[in-house]
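Just so we're aligned, residue 202 is where the sequence shown starts under the numbering used here, counting upward by one. First comes the structure, then the notes that go with it.
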Amino acid sequence: MTDSATVSPALIVDLGDRSYPIYIGAGLLEQPELILRHVAGTHLVIVSNTTVSPLYAEALQARLGESRLTDLVVLPDGEAYKSLETLNTIFDALIETRADRQVTLIALGGGVIGDITGFAAACYQRGVPFIQIPTTLLSQVDSSVGGKTGVNHPRAKNMIGAFYQPQCVIADLATLNTLPDRELSAGLAEVIKYGLLWDTDFLDWIEANLPKLRARDPAALQHAITRSCAIKADIVHQDEREGGLRALLNLGHTFGHAIEAGMGYGRWLHGEAVGAGMCMAADLSHRLGWISAADLARVRRIVVAAGLPTESPAALPLDTLRQLMDSDKKVQNGKLRLVLLHGLGSAVVTDKVPETEILATLRSTQASA
Ligand code: NAD
Ligand code: GLY
């Protein structure tokens, strides 16, 4: 392990005066000074959940508590708790601990904790600083970077939120050692997404290295996380508030979010729904003649090799799935906009897909009962 004074950022998210570093490495959580570099005040509030708290948050609270007043808020675990009700419990805790505008919130957990804590930070006293410490693969490669924060509405994923950037992101690779296999696969969905939408060389690398990634080879994980964050940082730098380009990061998500909401939050993991959603987007792209049958088969092979589903669940009626797709945040003036593939490594946003083709994809990509 290196001294925190010598830990350099792996990347910078370049957003002018809101730029911030991303640190990626094993053992970073054991270096409280790294966090304190990015803290101006004397009061810290760690937000975590019932699973991550005993693994990492209580120890971090003790370390930070040596030099700062450090409170810990422990939320129930699960996507179903990424809600306005849970957000309110964070506000209750902040008010109870007399947190003022100089408080720094620390999101310690997966994407659910990162999204809800970031949104709490954006709202509390009209904005206090926060730090992202992602502990799942999915949150290390995606949700902790780029400043999308928020909670779910019962009928629509991530519908209530804010763009609000953290002070820094600290991805400790050692935390992945305790992650269940199913959650690791869910994170690989977002890694595959970057290759599919942006970078064929990276896609080739992912395809060749999936066995190593699933075996948690440290060097492979470090490369996958660093390259994924670099692609995301590049896109966010060009289009922070999703005026256009950033929508590409939603490849597979219109289908995926509809599966998550339709099945009830938490039954399908976000990454599982994105895995199936990317195969559905690839199927539709193939119907439109934008990718070959061989490319479609390759997408499915990669998703299967990551341990992810390729089809929507048999239990979700197709008319419900189709209706839920209309709650997507990319809908503009009532028109559905989809992220599809124009060849592998190159994604586009389109509102010009005939409804008959969308329905044909939904029919052909549903698992049989
Ligand atoms: P999650 O936060 O629910 O974490 C998955 C599970 O792993 C939870 O049970 C959690 O307690 C547990 N866990 C976390 N770290 C662990 C560790 N080190 N060891 C053992 N268990 C651990 O799910 P996720 O996949 O991290 O995130 C999904 C969420 O992220 C969704 O709500 C999704 O909408 C959101 N998301 C947001 C963005 C964004 O840009 N803001 C991008 C992608 C996804
Ligand atoms: N995960 C999609 C985005 O950050 O824009």
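All residues carry an ideal CB built from backbone N, CA and C; glycine is no exception.
In the same chain as L285, and ignoring 5 residues on each side of it, the C-beta atoms closer than 8 Å to its own belong to V352, I361, in chain order. Inside the region 430-501, DSSP marks whole alpha helix (DSSP H) runs of 4 or more residues at positions 454-464, 471-488, from first to last along the chain. Collapsing the DSSP output to three states places P518 in coil. Secondary structure of K358 (DSSP, three-state): strand. Straight-line measurement puts the Cα of V274 at about 13 Å from the Cα of H244. When secondary structure is reduced to three states using DSSP, S340 falls in the helix class.
For a cut-off of 8 Å, the C-beta gap from I291 to I236 is around 19 Å, too long to register as a contact. Between F364 and G348 the beta-carbon gap is near 5 Å, inside 8 Å, which marks them as a contact. One Cα belongs to D405, the other to I426, and the distance between them is close to 15 Å.
If you draw a straight line from the Cα of S254 to the Cα of Y282, it is about 16 Å long. Following the DSSP letters along the chain, one finds T207 in no alpha helix (DSSP H), marked with neither H nor E. Note: Y224 is bridge-paired with I371 in the DSSP secondary-structure output.
With a contact defined as Cβ atoms closer than 8 Å, L397 and V329 miss out at about 36 Å. Nearest in C-alpha terms to A260, of all of P277, Q232, H239, is Q232. At a Cβ-Cβ threshold of 8 Å, A498 and F456 do not count as neighbours. Cβ-Cβ distances below 6 Å link V504 to G476, C480, T511 in the same chain, with the five nearest sequence neighbours on each side left out; the list follows chain order.
Here T521 is exposed: its Cβ has fewer than 16 other Cβ atoms, across all protein chains shown, within 10 Å.
When the beta-carbon positions are compared, R302 and A462 stay at least 8 Å from each other. If you draw a straight line from the Cα of Q366 to the Cα of S569, it comes to about 42 Å.
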